[in-house]
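To start, the structure itself, in structure tokens.
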Amino acid sequence: MFEVKVYVSLKEGVLDPQGAAVQNSLHHLGYEGVEEVRIGKVMTLQIQGSREKVETEVKDMCEKLLANTVIEDYRYEIEEVVSQ
Amino acid sequence: MKFAVIVFPGSNCDIDMYHAVKDELGAEVSYVWHHETSLEGFDGILLPGGFSYGDYLRSGAIARFSPIMDAVIKAAEEGKPVLGVCNGFQVLLEAGLLPGAMRRNENLKFICRSVELVVENNETIFSEGYKKDEEIKIPVAHGEGNYYCDPVTLEALTENNQIVFKYKENINGSVERIAGIVNKEGNVLGMMPHPERAVDELLGSKDGLTLFKSILSHWRERNAITS
Chain A
3 MFEVKVYVSL KEGVLDPQGA AVQNSLHHLG YEGVEEVRIG KVMTLQIQGS
53 REKVETEVKD MCEKLLANTV IEDYRYEIEE VVSQ
Chain B
139 MKFAVIVFPG SNCDIDMYHA VKDELGAEVS YVWHHETSLE GFDGILLPGG
189 FSYGDYLRSG AIARFSPIMD AVIKAAEEGK PVLGVCNGFQ VLLEAGLLPG
239 AMRRNENLKF ICRSVELVVE NNETIFSEGY KKDEEIKIPV AHGEGNYYCD
289 PVTLEALTEN NQIVFKYKEN INGSVERIAG IVNKEGNVLG MMPHPERAVD
339 ELLGSKDGLT LFKSILSHWR ERNAITS
């Protein structure tokens, strides 16, 4: 069993209005050093199968559904989970 | 001419779309549930607005893989008119039938009001009833209508005259104030404003009806029906 964490965020250069609003709010709180905030998503998946198969599948899932590669980048971490 | 209104779980403009076509345009129309796999017998496909699958993950991302979407893509490839409004537009983008993607509105607000559009291209099957540069009034209702495409795509859209409608004033941050685009072939239109909500003076405008009339009259011409 593998635990996969998929991180999806807007591509660099694509304006993130949510991030900009949060950055503004942080400035109001006095954190003036904050130069940029980008908001993204984390998805955690539990997948059965060989490491090789999981790797291929996760890449496929990202390309097809989990990220919209027109505006988003993705990366993932795969970790084997040993059942107790 | 027979239209199909595709119904996804979470569609909420399907009834307005049906009403516009049946009662105001006077054409045949049926609802088609997203689990269906065929659009045989339909001449025009309408993807209504709403919040398919609750907008989970991204607007339109999950609906794009509904069983009916293979038939929608097939109909588009066959050259049938396909219109996606609001969430329907987002589904067409996710499906790759139109280029680009939607971001949250730049002011992060859900914008729900009537807006002025400029007809940029009146030489499509959807817009031939308008005059070039005509200003029309059609409502919008969206939180994610901030259209984005990269500079190369924008250049292609402009060069091929694929930008059909622009907002007269910037309302949501869209690149080039884009409100609606067609594919290269000209038979797939996606637009954020709701023409089906502007089909009677009682609703504040009937400028949207012209769009449906354009589709119908084009179809009749092509099929040599003179009624």
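Protein sequences, first through last, are from chains A and B. With my numbering, the residue at position 26 of the first sequence is 28, and numbering never jumps. With my numbering, the residue at position 62 of the second sequence is 200, and numbering never jumps. The beta carbon of each residue, even a glycine, is placed where N, CA and C say it ideally should be. Nothing here was measured: the structure is a model prediction, and the numbers come from that model.
{"Asked": "Quick one: what's got a C-beta closer than 6 Å to B:HIS356's C-beta in the same chain, skipping five residues either side?", "Found": "ILE263"}
{"Asked": "In terms of alpha-carbon separation, which member of B:ASN259, B:PHE248, B:GLY226, B:VAL278 lies closest to B:LYS269?", "Found": "B:ASN259"}
{"Asked": "Spell out a yes or no on whether the segment 187 to 194 of chain B and the segment 287 to 307 of chain B are touching, meaning 3 or more CB-CB pairs, one atom from each, closer than 8 Å.", "Found": "no"}
{"Asked": "Within its chain, find whatever has a CB closer than 6 Å to the CB of A:VAL84; leave out the 5 residues flanking it on each side and keep chain order.", "Found": "none"}
{"Asked": "Counting only Cβ pairs nearer than 9 Å, list the residues of chain A close to B:TYR137.", "Found": "Missing from the structure shown is residue 137 of chain B; chain B here goes from 139 to 365 and no further."}
{"Asked": "Beta-carbon of B:ARG242 versus every beta-carbon of chain A: anything under 8 Å?", "Found": "yes"}
{"Asked": "Going by the beta-carbon positions, is the gap between A:HIS29 and A:VAL36 smaller than 8 Å?", "Found": "yes"}
{"Asked": "Which of the residues in the segment 30 to 61 of chain A, read from start to end, lie with their CB under 7 Å from any CB of chain B?", "Found": "none"}
{"Asked": "What first and last residue would you give for the beta strand (DSSP E) that runs through A:LYS61?", "Found": "Per DSSP, A:LYS61 belongs to no beta strand (DSSP E); it is in the alpha helix (DSSP H), 53 to 63."}
{"Asked": "Among the residues of its own chain, which have a CB less than 6 Å from the CB of B:ILE274, if the five just before and after it don't count?", "Found": "LEU255, ASP345"}
{"Asked": "In the DSSP assignment, find the beta strand (DSSP E) that holds B:GLY226 and state where it starts and stops.", "Found": "Here B:GLY226 belongs to no beta strand (DSSP E); instead the alpha helix (DSSP H) covers 225 to 232."}
{"Asked": "Are the beta-carbon atoms of B:VAL223 and B:MET139 separated by less than 8 Å?", "Found": "no"}
{"Asked": "With a threshold of 7 Å on Cβ separation, who are the neighbours of B:LEU354 within its own chain once the five nearest residues in sequence on each side are excluded?", "Found": "MET139, LEU163, ALA165"}
{"Asked": "Just curious, the alpha helix (DSSP H) that A:MET3 is in, first and last residue?", "Found": "Neither: A:MET3 is in no alpha helix (DSSP H) and is coded neither H nor E."}
{"Asked": "Considering B:ILE353, what are the terminal residues of the beta strand (DSSP E) in which it resides?", "Found": "Looking at the DSSP string, B:ILE353 is not in any beta strand (DSSP E); the run it does join, the alpha helix (DSSP H), is 347 to 360."}
{"Asked": "Would you mind sorting B:VAL326 into buried or exposed? The rule is 16 or more other CB atoms within 10 Å of its CB.", "Found": "buried"}
{"Asked": "Going along chain A in order, which residues have a C-beta closer than 9 Å to the C-beta of B:PHE203?", "Found": "LYS66, LEU67"}
{"Asked": "Mind pulling the alpha helix (DSSP H) runs of 4 or more residues that sit fully within the segment 184 to 209 of chain B?", "Found": "none"}
{"Asked": "Going by beta-carbon coordinates alone, are A:ARG40 and A:GLY21 separated by less than 8 Å?", "Found": "yes"}
{"Asked": "Considering only residues of the same chain and omitting the five flanking positions on each side of B:ARG242, which have a CB-CB separation below 7 Å?", "Found": "GLY281, GLU282, ASN284"}
{"Asked": "Starting from the beta carbon of B:GLU232, find every residue of chain A whose beta carbon is closer than 8 Å, and list them in chain order.", "Found": "ASN70"}
{"Asked": "Apply the 10 Å Cβ neighbour rule to B:LEU185 and answer buried if 16 or more other Cβ atoms are within range, or exposed otherwise.", "Found": "buried"}
{"Asked": "Measuring CA to CA, which of B:VAL313, B:CYS287, B:ILE276, B:GLU323 is closest to B:ASP338?", "Found": "B:ILE276"}
{"Asked": "May I have the straight-line CA-CA distance separating B:GLU174 from B:ALA209, to the nearest angstrom?", "Found": "9 Å"}
{"Asked": "Output, in chain order, the set of chain A residues within a Cβ distance shorter than 7 Å of B:ARG315.", "Found": "Per Cβ cutoff of 7 Å: no residues; B:ARG315 is ~15 Å from chain A at best."}
{"Asked": "Name the chain A residues that come within less than 7 Å of B:ALA239, Cβ to Cβ?", "Found": "ASN70, VAL72, ILE73"}
{"Asked": "Should A:VAL10 and A:LEU47 be called a contact, given that it needs their Cβ atoms to be closer than 8 Å?", "Found": "no"}
{"Asked": "Beta strand (DSSP E) containing A:TYR33: first to last residue?", "Found": "No beta strand (DSSP E) contains A:TYR33, which DSSP labels as neither H nor E."}
{"Asked": "To the nearest angstrom, how far is the alpha carbon of B:PRO219 from that of B:ILE183?", "Found": "6 Å"}
{"Asked": "For A:ALA23 and A:LYS61, what's the separation of their Cα atoms in angstroms?", "Found": "31 Å"}
{"Asked": "Would B:PHE141 pass as a contact of B:PHE180 if the rule is Cβ separation under 8 Å?", "Found": "yes"}
{"Asked": "Skipping 5 residues on each side, what residues in its chain have a beta carbon closer than 8 Å to that of B:ILE206?", "Found": "ILE144, VAL170, TRP171, HIS172, HIS173, GLU174, THR175, LEU177"}
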